[in-house]
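Let me begin by presenting the structure, written as structure tokens, before commenting on it.
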Amino acid sequence: MKTVSDFQAFYSNEIRETMRSLERYRKGALFCLLKTGILLAFMCVALGIYFRVRTVPGAWNFPVVILALIIWAVYCDRHRKTFTHRFKALVIPEMIRFIHPGLFYLPDSYTGIDEFKGSGLFRSPDSYTGKDHVFGCMDRTNISFSIVDAQYRTEETHTDNDGNTRTEERWHIIFRGIFFSADFNKWFTGYTCVLPDRTKKIFGYTIGSFFQSMSRSRGQLIKLEDPEFNGHFVVYGSDQVTARYILTPGLMKRLVDLRQKIGCRISLSFSGTRVYIAIPTRYDIFEPRFFRKINDPKVVFTYFYYLHLITGIVEDLNLNTRIWNK
Amino acid sequence: MDFTSLLISSISILAIIIMVNILISRKNRVDMAYATVDAMLKKRYDLIPNLLTVAQKYMGHEKLVLSTLTSLRTRHACMLNDGMSMAEDKEILQAMKGIMAVAESYPALRASENFLHLQGSLNEVEEQISAARRAYNAAVTDYNNAIEMLPLSLMAWIMNYRRKPIFEITEDERRPVVLL
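The listed protein sequences derive, respectively, from chains A and B. Just so you know, we're using this note's numbering here: the first sequence kicks off at 21 and counts up by one. Just so you know, we're using this note's numbering here: the second sequence kicks off at 6 and counts up by one.
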């Protein structure tokens, strides 16, 4: 695994010049936006004076200002997208290659919906999009992850006092964050899922476990031995022995450590000899910040940190150890 | 019989039926878990002929090690259907591990695809046995909890259900392993 000093050497030797040129582009774009903003403001003021001279109603000022703001916002967004596109084309692939040469990156691709549905972690989405797909082989483990945004739709019908019905469409988030999948290092059949525990935290261990055992939608409740693991997760599966074959005491400890390292409620499933991990996050780990300096090693280190955190799951879960027949 | 008495009787009978079913279900789960452990032990046992075939090809002159395993296999073949005891299982496991340890001195054997596959299979089976034992312990814990906690303990006493032991290792196995 790469260390901080490895990153510092990579930054100095490989991408320092690229970051400098990106920073020059960013500053140039910001200056362009500033000039455009000033020009639009000047035009708004000029038009305002013209309207006053021509005794045009003052209400016309508002649509003019709104139009100017829209034009400026569109222009700003275009520059931001160009900057993001350049950052993703020049910096992210290099960073991923640095983390591991067996990995590839496609900014506009994402994990397939079949894989998302196949994990069994979430309901089937009505809308499924994503971006920033990283995939490849890290030593002996095939991995894939991307940002995913999955939502489902509901329709609500409202009837007003006049008897007219109106159907309102609402969208609800199923999952938004990083969806990671990797080849697990053992053969197994059936399905096991590890979900964040909420019920035991609210109702206590005994009553919480009772409520959890009543739920049959994900299979049997699997009661494991590690109290720290049980405090964070609840496990369901199709078979008691298979679940314990997968979730060894060693792996349970690693999952607790991984959860603490990532710092949010992760969900996992083991199905079709793959492991799926859903990491909810609002933070877009590949997006550069347009209005902040980019060629600062500390800023670039943030991208490296998150990429390293995700790809490090392979080592954290010891997936490259292949002492079984897989 | 008035309505209240009828209601109380019905609820009591229903409660008794539920308690009996819970106890029987827990007991059956223990039996099933024990059968799974046996199935995994059988799976390990079935690896022995393959291990002997591969090992004999490369380490034919290690007669002591190979003959130990062969004789164990012959001795325990008839006991398999009655369920292997912990001591018998331990004997076979020790003999298999003995061959694996000696095999480390044979580079040709270590590199052999068959041997590598066998090693993987043995690791897999050991993990599955461990998982089956853990599942058995979980089933026994659930069963013991049921027969010792109120109100099921009363019904368990009537049905003569007794506490079951979980899988435990010996004092020898608790000691730290010393690598020479």
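Beta carbons: idealized from backbone N, C-alpha and C, even for Gly.
Exercise. Among all the DSSP beta bridges, which residues are the ones paired with ASN162(A)?
Worked result: CYS157(A), per the DSSP bridge assignment.
For this session: Measure the beta-carbon distance from VAL35(B) to VAL145(B) and round it to whole angstroms, keeping in mind my assumption that it falls under 8 Å.
Result: That belief holds up - the Cβ atoms of VAL35(B) and VAL145(B) are roughly 6 Å apart, short of 8 Å.
Exercise. Counting only beta-carbon atoms, is VAL319(A) nearer than 7 Å to chain B?
Worked result: Not one beta carbon of chain B lies nearer than 7 Å to the beta carbon of VAL319(A).
Exercise. Residues of chain B with a CB under 8 Å from the CB of GLN260(A): which are they?
Worked result: Counting only Cβ-Cβ distances below 8 Å, GLN260(A) has contacts in chain B at ALA38, ALA140, ALA143 and ALA144, in chain order.
Exercise. Whose CA, out of ALA136(B), ALA151(B), PRO170(B) and ILE171(B), lies closest to the CA of MET164(B)?
Worked result: The residue with the shortest Cα to Cα distance from MET164(B) is ALA151(B).
Exercise. Do ALA170(A) and ILE194(A) come within 7 Å of each other at the CB atom, strictly closer than that value?
Worked result: A contact, by the Cβ cut-off of 7 Å.
Exercise. Name the residues in the segment 238-253 of chain A whose C-beta lies less than 9 Å from a C-beta of chain B; which are they?
Worked result: Taken in chain order, the members of the segment 238-253 of chain A whose beta-carbon sits within less than 9 Å of a beta-carbon on chain B are ILE242, LYS243, LEU244 and GLU245.
Exercise. Quick one: Cα of ILE133(A) to Cα of HIS192(A), how far?
Worked result: Between ILE133(A) and HIS192(A), the C-alpha separation is close to 17 Å.
Exercise. Over what stretch of residues does the alpha helix (DSSP H) that includes THR185(A) continue unbroken?
Worked result: Counted as a single uninterrupted DSSP element, the stretch harbouring THR185(A) is not any alpha helix (DSSP H) but the beta strand (DSSP E) occupying residues 185-203.
Problem set entry | For ALA66(A) and GLY283(A), the rounded distance between their alpha carbons | Computed Cα separation, rounded: 53 Å.
For this session: Return no unless some Cβ of chain A is closer than 7 Å to the Cβ of GLU173(B).
Result: Not a single CB atom of chain A sits nearer than 7 Å to the CB of GLU173(B).
Exercise. Looking at the C-beta of ALA151(B), does it have a partner C-beta in chain A at a distance below 7 Å?
Worked result: No - not a single Cβ of chain A is within 7 Å of the one on ALA151(B).
For this session: Figure out for me which residue from PHE253(A), TYR265(A), GLN260(A) and SER291(A) has the closest Cα to the Cα of ARG279(A).
Result: With respect to the C-alpha of ARG279(A), the residue from PHE253(A), TYR265(A), GLN260(A) and SER291(A) having the closest C-alpha is PHE253(A).
For this session: Measure the C-alpha to C-alpha separation of ILE104(B) and VAL261(A) and round it to an integer number of angstroms.
Result: Cα to Cα, the separation comes out at about 28 Å.
Problem set entry | Cβ-Cβ separation, ILE134(B) to VAL59(B) (assumed contact under 8 Å), whole Å | At roughly 21 Å, the Cβ-Cβ gap does not stay under 8 Å, so VAL59(B) and ILE134(B) are not in contact.
Exercise. Would the beta-carbon of ASN128(B) fall within 7 Å of that of ILE343(A)?
Worked result: Result yes, Cβ atoms of ASN128(B) and ILE343(A) sit closer than 7 Å.
Problem set entry | From ASN181(A), ARG196(A) and THR177(A), residue whose alpha carbon lies closest to that of THR187(A) | The shortest C-alpha separation from THR187(A) is found at THR177(A).
Exercise. What's the gap between the Cα of LEU185(B) and the Cα of VAL255(A)?
Worked result: Because LEU185(B) carries a pLDDT of 46, less than 50, the predicted location of this residue cannot be relied on, and the following value inherits that uncertainty. If you draw a straight line from the Cα of LEU185(B) to the Cα of VAL255(A), it comes to about 40 Å.
For this session: For chain A, find out if any of its Cβ atoms is closer than 7 Å to the Cβ of ASN128(B); answer yes or no.
Result: It does; some Cβ of chain A falls within 7 Å.
Exercise. Which residue comes first and which comes last in the beta strand (DSSP E) that contains ALA79(A)?
Worked result: Here ALA79(A) belongs to no beta strand (DSSP E), and DSSP marks it neither H nor E.
For this session: Please name the residue, chosen from GLU175(A), PHE230(A), TYR211(A) and LYS101(A), that lies closest to ARG218(A) on a Cα-to-Cα basis.
Result: Nearest to ARG218(A) by C-alpha distance, out of GLU175(A), PHE230(A), TYR211(A) and LYS101(A), is PHE230(A).
Problem set entry | Contacts around ARG274(A), its chain only, beta-carbon distance under 8 Å, and the 5 residues preceding and following it disregarded | Cβ within range, chain order: ASP336, LEU337 and ASN338.
For this session: Could you confirm whether any beta carbon from chain A is found closer than 7 Å to the beta carbon of THR41(B)?
Result: Yes, because at least one Cβ of chain A sits closer than 7 Å to the Cβ of THR41(B).
Exercise. Is it true that the CB of CYS52(A) sits closer than 7 Å to the CB of ALA88(A)?
Worked result: No, these two residues do not count as a Cβ contact at 7 Å.
For this session: Name, please, each residue of chain B whose Cβ falls closer than 7 Å to the Cβ of TYR225(A).
Result: Ordered by position in chain B, no residue passes the 7 Å Cβ test against TYR225(A), which lies about 13 Å from the chain.
Exercise. At least one CB of chain B closer than 7 Å to the CB of ARG264(A): is that the case?
Worked result: Output row for ARG264(A): interface = yes.
Exercise. Can a CB atom of chain B be found closer than 7 Å to the CB of ILE163(A)?
Worked result: At least 7 Å separates the CB of ILE163(A) from every CB of chain B.
Exercise. At a Cβ threshold of 7 Å, is TRP191(A) touching chain B?
Worked result: Answer no: the Cβ-Cβ gap between TRP191(A) and chain B never drops below 7 Å.
For this session: Go ahead and pull the three-state DSSP assignment for LYS22(A).
Result: DSSP places LYS22(A) in the coil class of the three-state scheme, outside both helix and strand.
Exercise. Under 7 Å Cβ-Cβ, which residues of chain A neighbour ALA136(B)?
Worked result: The contacting residues are VAL261, ARG264 and TYR265.
Problem set entry | Residue burial classification, ASN149(B) (beta-carbon count within 10 angstroms, cutoff 16) | By the Cβ-count criterion, ASN149(B) is buried, with 16 or more other Cβ atoms from all chains shown falling within 10 Å of its own Cβ.
For this session: Can you check the segment 271-336 of chain A for any alpha helix (DSSP H) of at least 4 residues that lies completely inside it and give the ranges in chain order?
Result: DSSP runs (the alpha helix (DSSP H)) wholly in the segment 271-336 of chain A: 317-331 and 333-336.
For this session: Would you please verify whether the beta carbon of GLN133(B) is less than 7 Å from any beta carbon of chain A?
Result: The Cβ of GLN133(B) sits closer than 7 Å to at least one Cβ of chain A.
For this session: Just the C-alpha distance for ASP304(A) and PHE204(A), rounded to the nearest angstrom, thanks.
Result: When rounded, the distance between both Cα atoms is 27 Å.
Exercise. What span of residues does the beta strand (DSSP E) with TYR166(B) cover, start to end?
Worked result: Here TYR166(B) belongs to no beta strand (DSSP E), and DSSP marks it neither H nor E.
Exercise. Is the Cβ of ILE333(A) closer than 7 Å to any Cβ of chain B?
Worked result: ILE333(A) does not count as touching chain B.
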